[in-house]
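Same order as they appear, the protein sequences are chains X and Z. If you use our numbering, the first sequence corresponds to residues 5 to 216, in order. If you use our numbering, the second sequence corresponds to residues 5 to 216, in order.
There are 2 protein chains.
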Amino acid sequence: MRPGRPRGFCTDTALDRAMTVFWRQGYEGASLADLTKAMGINSPSLYAAFGSKEGLFRAVLERYDQRRKGFMDKVLAAPDAKSVAQLFLEGVAEFAADTSGRNPPGCLLLQSGLSCGDQVIPDELARHRAEKERALRERFARAKKEGDLSSNADPAALARYLVTMANGICVQAAAGASAGELREIARMTLAGWPVDGVKEIRKSPRKRQLVH
Amino acid sequence: MRPGRPRGFCTDTALDRAMTVFWRQGYEGASLADLTKAMGINSPSLYAAFGSKEGLFRAVLERYDQRRKGFMDKVLAAPDAKSVAQLFLEGVAEFAADTSGRNPPGCLLLQSGLSCGDQVIPDELARHRAEKERALRERFARAKKEGDLSSNADPAALARYLVTMANGICVQAAAGASAGELREIARMTLAGWPVDGVKEIRKSPRKRQLVH
DNA sequence: TTAATTCTGTAACGAACGATACAGATAGGT
DNA sequence: ACCTATCTGTATCGTTCGTTACAGAATTAA
Numbered sequence: 005m006r007p008g009r010p011r012g013f014c015t016d017t018a019l020d021r022a023m024t025v026f027w028r029q030g031y032e033g034a035s036l037a038d039l040t041k042a043m044g045i046n047s048p049s050l051y052a053a054f055g056s057k058e059g060l061f062r063a064v065l066e067r068y069d070q071r072r073k074g075f076m077d078k079v080l081a082a083p084d085a086k087s088v089a090q091l092f093l094e095g096v097a098e099f100a101a102d103t104s105g106r107n108p109p110g111c112l113l114l115q116s117g118l119s120c121g122d123q124v125i126p127d128e129l130a131r132h133r134a135e136k137e138r139a140l141r142e143r144f145a146r147a148k149k150e151g152d153l154s155s156n157a158d159p160a161a162l163a164r165y166l167v168t169m170a171n172g173i174c175v176q177a178a179a180g181a182s183a184g185e186l187r188e189i190a191r192m193t194l195a196g197w198p199v200d201g202v203k204e205i206r207k208s209p210r211k212r213q214l215v216h
Numbered sequence: 005m006r007p008g009r010p011r012g013f014c015t016d017t018a019l020d021r022a023m024t025v026f027w028r029q030g031y032e033g034a035s036l037a038d039l040t041k042a043m044g045i046n047s048p049s050l051y052a053a054f055g056s057k058e059g060l061f062r063a064v065l066e067r068y069d070q071r072r073k074g075f076m077d078k079v080l081a082a083p084d085a086k087s088v089a090q091l092f093l094e095g096v097a098e099f100a101a102d103t104s105g106r107n108p109p110g111c112l113l114l115q116s117g118l119s120c121g122d123q124v125i126p127d128e129l130a131r132h133r134a135e136k137e138r139a140l141r142e143r144f145a146r147a148k149k150e151g152d153l154s155s156n157a158d159p160a161a162l163a164r165y166l167v168t169m170a171n172g173i174c175v176q177a178a179a180g181a182s183a184g185e186l187r188e189i190a191r192m193t194l195a196g197w198p199v200d201g202v203k204e205i206r207k208s209p210r211k212r213q214l215v216h
């Protein structure tokens, strides 16, 4: 064991509590006073452990990814592209509306800093979101090779479409939408799962648009 | 004319410049120094005209709605529900990616304060977004009465679905998505315009889900 | 001209911000 | 027991925040 006085708090617990504050108030709206109070520590302890407010934030983001990894793994392990989409969207809808735990509604990767005085924060968050899009894209590319996605499907477009809807769902959740409403949005999206639609629109785009 | 020294700046121009700052940096990330510099005035002028930072922000929101009213009117005037959806989503995609003017990419109603230390700001923004959802909902209810939307369609769900996707598109735009990518997302959504899908899924939900 | 009114620029206010200096407390290594 | 290393709490740092006091400039009304 390393010499010196041992740390008097659990790092992960502290990060979870800080996460709630960033989630609810955003990066800039979360003051050091708010954070230290929620984490149950004083600022010198915070700075010794995480270096700075931005350092704490990055640690929170890592912790978040770690906590969400199980979900993404389950989604990516689904047997086919449509199931991946379904698990993803329904899971996001469920997660975004779930306030049973410590988490506010919505998604940390959106709420904590869509815009900031310092562009570094939104950029970092966009990178984390893009990571999930990349995972979906690669999963769909595999699905295409394995044949459960048609040869003219566009994995990149499908992944972008899904994360776009997922982000929209999170925004709705942050604005107070109910779990039922979010589930319905996911269901509507999946009902129009665009693989067939894209094929169709390429064959006869005008006709498709005039059908009601 | 009212006595006293006349105002030395154009209110609307000042609001437009302030809008850009709020849009890019968010409500809390936009300091008074940033705002007065962009607006080309000193703080006493700002406070005389708008009362406070929050007052300025609310004036900016009104100005934003005013500038976007033409778009929503055009959307709502479309002849049928599908056209409304198409004009709305394609318009949002175009608008969110358009940086030819002063506007940053994305949407002010999201970027300026999805989360804040003071919950009043996110609430106010959510109210403005909900207003557009309401307009779409009422338009779809009319479409249902007029018969160009099937009798089992849900206007509220359709409106919620559309604004959810629109918000997602704005998030993607803020993260740097290209106009082409956003247009494609809009196209994919419209290709799966869920009125048919909802009808279908109610008749045979299991079957629909197994088709790839 | 004078009085009344409103806006402008300078300069500064108290409060809150993120970040730290420092001394005391608590551990391991020898 | 002693030195070194790390963490904790108090108390405070300089900066920036939103906001305003004040005096001078610019206008109308009489």
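For every residue, glycine included, the Cβ atom is placed at its ideal position computed from N, Cα and C. Please read all numbers here as calculations on a predicted model, not as lab measurements.
Residue from the options whose Cα sits closest to the Cα of residue i
{"i": "Z:R21", "options": "Z:R11, Z:L65 and Z:P10", "result": "Z:L65"}
{"i": "Z:P109", "options": "Z:R11, Z:T24 and Z:P7", "result": "Z:T24"}
{"i": "Z:Q176", "options": "X:E150, X:D152, X:P126 and X:T17", "result": "X:P126"}
{"i": "Z:R9", "options": "Z:D77, Z:A18 and Z:S49", "result": "Z:S49"}
{"i": "Z:L113", "options": "Z:D69, Z:K149, Z:A52 and Z:S87", "result": "Z:D69"}
{"i": "X:A163", "options": "X:G33, X:A195, X:N156 and X:K136", "result": "X:K136"}
{"i": "Z:C174", "options": "Z:A195, Z:A147, Z:R131 and Z:R28", "result": "Z:R28"}
{"i": "Z:K86", "options": "Z:R71, Z:F26, Z:A178 and Z:P159", "result": "Z:P159"}
{"i": "Z:C111", "options": "Z:Y51, Z:A195 and Z:R71", "result": "Z:R71"}
{"i": "X:G30", "options": "X:S119, X:G151, X:A195 and X:V199", "result": "X:S119"}
{"i": "Z:G180", "options": "X:L194, X:L166, X:T193 and X:L129", "result": "X:L129"}
{"i": "Z:R133", "options": "X:H132, X:A178 and X:S104", "result": "X:A178"}
{"i": "X:T17", "options": "X:G44, X:G117, X:P7 and X:E32", "result": "X:G44"}
{"i": "X:D77", "options": "X:R62, X:C14, X:A139 and X:R191", "result": "X:A139"}
{"i": "Z:C196", "options": "Z:A63, Z:L166 and Z:S154", "result": "Rather than Cys, the amino acid found at residue 196 of chain Z in this sequence is Gly. Residue Z:L166 is the option with its Cα nearest to Z:G196."}
{"i": "X:V199", "options": "X:R191, X:S154 and X:G117", "result": "X:S154"}
{"i": "Z:G26", "options": "Z:A89, Z:R131, Z:A161 and Z:G117", "result": "The sequence shown places Phe at residue 26 of chain Z, not Gly. Among Z:A89, Z:R131, Z:A161 and Z:G117, the Cα nearest to that of Z:F26 is on Z:G117."}
{"i": "X:A147", "options": "X:A161, X:A183 and X:V88", "result": "X:V88"}
Assigned exposure category for residue i - 16 Cβ within 10 Å defines buried
{"i": "X:M5", "result": "exposed"}
{"i": "X:Q123", "result": "exposed"}
{"i": "Z:L60", "result": "buried"}
{"i": "X:K73", "result": "exposed"}
{"i": "X:S35", "result": "exposed"}
{"i": "X:Q115", "result": "buried"}
{"i": "X:N46", "result": "exposed"}
{"i": "Z:T193", "result": "buried"}
{"i": "X:R11", "result": "exposed"}
{"i": "X:G151", "result": "exposed"}
{"i": "Z:G55", "result": "exposed"}
{"i": "Z:K149", "result": "exposed"}
{"i": "X:K211", "result": "Because the pLDDT at X:K211 is just 37, under 50, the model does not fix this residue reliably, and the value given afterwards should be weighed accordingly. Its Cβ having fewer than 16 others within 10 Å, X:K211 is exposed."}
{"i": "X:R191", "result": "buried"}
{"i": "X:N156", "result": "exposed"}
{"i": "Z:G33", "result": "buried"}
{"i": "Z:A52", "result": "exposed"}
{"i": "Z:G105", "result": "exposed"}
Assigned secondary structure, residue i (DSSP; H/G/I helix, E/B strand, else coil)
{"i": "Z:R143", "result": "helix"}
{"i": "X:M43", "result": "helix"}
{"i": "Z:P159", "result": "helix"}
{"i": "Z:Q123", "result": "coil"}
{"i": "Z:G12", "result": "coil"}
{"i": "X:K211", "result": "Here the model assigns X:K211 a pLDDT of 37, short of 50, so the residue's position is not dependable and the matter cannot be decided."}
{"i": "X:T103", "result": "coil"}
{"i": "X:E32", "result": "coil"}
{"i": "Z:P109", "result": "coil"}
{"i": "Z:K57", "result": "helix"}
{"i": "X:G184", "result": "helix"}
{"i": "Z:R206", "result": "Any reading at Z:R206 must be qualified, since the residue scores a pLDDT of 39, below 50, and its modelled position is unreliable; the value itself is stated next. Correct three-state label for Z:R206: helix."}
{"i": "X:S116", "result": "coil"}
{"i": "X:P7", "result": "coil"}
{"i": "X:W197", "result": "coil"}
{"i": "Z:A22", "result": "helix"}
{"i": "Z:G217", "result": "Shown here, chain Z extends from 5 to 216; a query on residue 217 of chain Z therefore has no answer."}
{"i": "X:P83", "result": "coil"}
{"i": "X:A63", "result": "helix"}
{"i": "Z:A179", "result": "coil"}
Quick one: any contact between the segment 86-103 of chain Z and the segment 32-46 of chain Z, if contact means 3 or more CB pairs under 8 Å? no
Pairing CB atoms from the segment 139-150 of chain Z with CB atoms from the segment 78-91 of chain Z, are three or more of them under 8 Å? yes
Counting pairs of Cβ atoms below 8 Å between the segment 86-98 of chain Z and the segment 181-191 of chain Z, do you hit three or more? yes
Does the segment 84-94 of chain Z come close enough to the segment 168-175 of chain Z to have 3 or more Cβ pairs within less than 8 Å? yes
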